[in-house]
Amino acid sequence: MTLLDSLAPCSPGRWTHDHVTVERVPAGPLNVRREDDRLHVTHSLTAEQLSERLVAEVTASIQDAEFGQDEFELTMVGLVRSTVPGALDSWVTYYRNSLGELLDGTADFATIHDRAAELVRGSVLDLGSCFGFLPPPPAPPSPPPT
């Protein structure tokens, strides 16, 4: 895989890197298909659906035994970049939605994060990172009233 710049310019609704193209279409499910040596992914995701929760959907959509880690990562980056116009806006949307799901308990890994937080003695930088996502630490407890 050539060096990936997840903030590089792309056409609205379409992102390509190496042999993977991800394209937003007006309607339809997430579709992953191989065309010769290229991988083509189509989806109709909205900004509201863009979050870490997509990992399970992408994993379930993989029917190609040769779908490797690089293709998975490129597909995830492509879903983010093709759903929301603008590099920074797309990633802010993805991480804002992902963090919101984690904090409200609806994220797939929310119970795991909660349990890990219960087990921490001292401090920890992070309880699980993806694409460089480092959730902020919880706010310190308020001082008791005097």
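Heads up, the sequence shown is in the UniProt record's numbering, so the first residue is 1 and it goes up one at a time. Beta carbons are placed, not taken as given, at the ideal position from N, Cα and C, and that holds for glycine.
Rounded separation between residue i and residue j - CA only
i	j	result
residue 68	residue 109	23 Å
residue 94	residue 76	11 Å
residue 10	residue 56	25 Å
residue 5	residue 117	33 Å
Outcome for residue i when other beta-carbon atoms lying within 10 angstroms are tallied against a minimum of 16
i	result
residue 25	exposed
residue 82	buried
residue 51	buried
residue 120	exposed
residue 48	exposed
Member of the options whose CA lies at the smallest distance from the CA of residue i
i	options	result
residue 44	20, 78, 71 and 34	78
residue 30	111, 103, 42 and 10	42
residue 1	23, 72 and 12	72
residue 35	23, 19 and 46	19
Proximity of residue i and residue j at Cβ, strictly below 9 Å
i	j	result
residue 53	residue 107	yes
residue 21	residue 39	yes
residue 100	residue 114	no
residue 3	residue 88	no
residue 174	residue 17	Since the first residue of the chain shown is 1 and the last is 146, residue 174 is not available in this structure.
residue 13	residue 85	yes
Closer than 8 Å: residue i CB and nearest the ligand ATP heavy atom
i	result
residue 94	Ligands in the displayed structure: none, and consequently the ligand ATP is not present.
Problem set entry | Every unbroken alpha helix (DSSP H) inside the stretch 82-107 [4 residues or more] | Here the runs fully enclosed are 87-104.
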